[in-house]
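From first to last, the protein sequence lines are chains F and Z.
Each residue of the first sequence is one higher than the last, beginning at 295 in this note's numbering.
Each residue of the second sequence is one higher than the last, beginning at 860 in this note's numbering.
From the three backbone atoms N, C-alpha and C, an ideal C-beta is built for every residue, glycine too.
Predicted model, so just to flag it, every value in this text is computed and none were measured.
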Amino acid sequence: MSRTREIAVTVNGSVHCAAVEPRLLLADFLRHGLGLTGTHVGCEHGVCGACTVLLDGDSARSCLMFAVQADGRSVETVESLGRIGQMNALQESFHAHHALQCGFCTPGMLMTATDLLRKYPLATDAEIRAGLSGNLCRCTGYEHIVKAIRAVVADRAGDAK
Amino acid sequence: MKPPAFDYVVADSLDMAAAALAEAGDEAKIIAGGQSLVPMLNFRLLRPSVLVDINRITRLAFIEEAGETIRIGALTRHFQLETSALVARHLPVLSCAMTHVAHLAIRNRGTIGGSLSHADPAAELPMLALLLDATLDVVSAAVTRSIAARDFFVEAMTVDLGADEIVTEITLPKLPQHTGWGFEEVARRHGDFALAAAAATLTVSDGAITQARIALTGVGPTPLRASEAEALLVGEALGTGLTARVIAAVRGAIEPETDLHASSDYRRHLAGVLAGRAVSAAWRRANEGGA
């Protein structure tokens, strides 16, 4: 075992200090260290997208980063988006459009969509689908997820007018 | 699926990174974006004793114009390349290629230096470095040197880079005047590694091609330039007959592997089709005014 490092990571707005082994994946730190089990771990090699979080505002695979690399940085997980009874617009849209069945991929879908909505116009369904291509869902066939994101894009365009 | 134990060094400067690598001998790996390295660690395909993290050497992340070239720091993330106005203006073929590189969460982290050093045989950036006659700057504690992309890619996932060396910067000549470009890729799903991909640039003067570059990926252990096909184009105007000969020359120059995703014959066929499309698009753009 290599020696542990002291880290201070801001997670969902609160600073968490911990001693971690360098090899501890950020995903495992969030789940086992902080009990934030909203971040799901699927493939552990960057293919499925279930563990996607935001690192300093940009989406990142938490299975492809070490917790020690998040020292001094800000991480947002799905828990930051809302709570039952207080969901954000994207979560409400997923709910309204039946964009989840088993829910395993949902945290990654939500965090990916959050970043996509900030960075791309998402003017077409093809663009939304391309944006979701790094997130696997085995239940929905993606149709309802695309619809849910489309609705958020449309609402946003309506608000801007 | 958990990585083996390793020691971890955060390098705040290039000197510190080079010193850490020199001290560790062959046992160290550099971690930048980690988007290829961490899966290999999780699978325990690699067991480095030390990881040298260069993510905090922020001066390695830049995209700059320098005379007739664009200089790109090795730590520049794929998303920065994808959205750079300088790249879009002077190297539009690279902007286009970036939209095919993996997925947003990976483009946010992955770096150009990492992608070139990792040298996956089906990756886009090594092909683009070869197409665009890139030069890589490399440093170690002992020496500083430059190496041309055409000499850098040695074998699948093997490049001319010592265990103690770090890629610091990539220099790409801007596309010349009256140059058109094309980029074509087929992958199993958007953002996956290419089954095959082709990129081309054509510089045209008085209706004839003065410089032709065609690069391919996914069809051999390293990306490659289709030099015979390029030679066919110089001095000519592109027409149906010439395109067919270019396609035949591309297919004749490669010996792709068969794997789970595609047979060798299919990849050879595909590479020809994609090269034909890329060259046609380059010809069209060059005659529309080009970059």
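In this structure, the straight-line span from the alpha carbon of residue 948 of chain Z to that of residue 981 of chain Z is close to 26 angstroms.
Under the 8 angstroms criterion on CB atoms, residue 897 of chain Z is classed as interfacial with respect to chain F. By the Cβ test, the segment 306-326 of chain F is in contact with the segment 356-367 of chain F, since at least three Cβ pairs between them sit closer than 8 angstroms. Proximity to residue 1095 of chain Z across Z/941, Z/1116 and Z/1069 peaks at Z/1069, based on C-alpha coordinates. Bounds of the alpha helix (DSSP H) holding residue 1138 of chain Z are 1123-1146. It is roughly 10 angstroms from the alpha-carbon of residue 1019 of chain Z to the alpha-carbon of residue 1008 of chain Z. Selection Z/958, Z/1058 and Z/1059 evaluated against residue 937 of chain Z yields Z/958 as nearest (Cα-Cα). For residue 961 of chain Z, the nearest beta carbon of chain F is closer than 8 angstroms to its own beta carbon.
Residue 1059 of chain Z has its alpha-carbon roughly 12 angstroms from the corresponding atom of residue 988 of chain Z. One alpha carbon belongs to residue 350 of chain F, the other to residue 365 of chain F, and they sit about 11 angstroms apart. In the DSSP assignment, residue 951 of chain Z falls within the alpha helix (DSSP H) that extends over 951-957. Within chain F, no residue has its beta carbon less than 9 angstroms from that of residue 921 of chain Z; the closest one is some 18 angstroms off. Among the CB atoms of chain F, one or more fall inside 8 angstroms of the CB of residue 912 of chain Z.
For residue 410 of chain F, the enclosing alpha helix (DSSP H) stretches over residues 400-413. The continuous alpha helix (DSSP H) containing residue 976 of chain Z extends over residues 971-977. Take the alpha-carbon of residue 934 of chain Z and the one of residue 1124 of chain Z: they are about 37 angstroms apart. Residue pairing of residue 1042 of chain Z in beta bridges, as defined by DSSP: Z/1058. Residue 1044 of chain Z has its alpha-carbon roughly 45 angstroms from the corresponding atom of residue 312 of chain F.
Residues of chain Z with a Cβ closer than 8 angstroms to the Cβ of residue 343 of chain F are, in chain order, 962 and 964. Residues of chain Z with a Cβ closer than 7 angstroms to the Cβ of residue 363 of chain F are, in chain order, 912 and 914.
Non-local beta-carbon contacts of residue 395 of chain F in its own chain, meaning distances under 7 angstroms to residues more than five positions away in sequence, involve 433 and 434 in chain order. DSSP lists F/303 as the bridge partner or partners of residue 310 of chain F. Counting only residues of its own chain and dropping the five nearest sequence neighbours on each side, residue 999 of chain Z has a CB closer than 6 angstroms to the CB of 877, 1023 and 1024.
When the five nearest sequence neighbours on each side are left out, the beta carbons in the same chain lying within less than 7 angstroms of the beta carbon of residue 1144 of chain Z are those of 1039 and 1040, in order along the chain.
In this structure, Z/1029 is the residue among Z/1029, Z/991, Z/986 and Z/1014 with its C-alpha nearest to the C-alpha of residue 1005 of chain Z. Residue ranges of uninterrupted beta strand (DSSP E) with 3 or more members, entirely inside the segment 997-1032 of chain Z and ordered along the chain, are 1003-1007, 1012-1014 and 1025-1032. Beyond the five residues adjoining it in sequence on each side, residue 1080 of chain Z comes within less than 6 angstroms, by CB distance, of 980, 1014 and 1015 in the same chain, given in chain order. Secondary structure of residue 370 of chain F (DSSP, three-state): strand. Excluding five sequence positions before and after residue 883 of chain Z, the CB atoms of its chain that fall closer than 6 angstroms to its own CB belong to 909, given in chain order. For residue 863 of chain Z, the chain F residues whose C-beta falls within less than 8 angstroms of its own C-beta are 317, listed in chain order.
For the segment 368-397 of chain F, the set of residues with a beta-carbon nearer than 9 angstroms to any beta-carbon of chain Z is empty. Interface residue (Cβ-Cβ distance to chain Z less than 8 angstroms): residue 424 of chain F is classified as such.
Chain F places a beta carbon closer than 8 angstroms to that of residue 866 of chain Z, counting this residue as a contact. In the DSSP assignment, residue 912 of chain Z is bridged to Z/869 and Z/890. If you draw a straight line from the Cα of residue 994 of chain Z to the Cα of residue 904 of chain Z, it is about 30 angstroms long.
By alpha-carbon distance to residue 344 of chain F, the top candidate from F/421, F/447 and F/404 is F/404.
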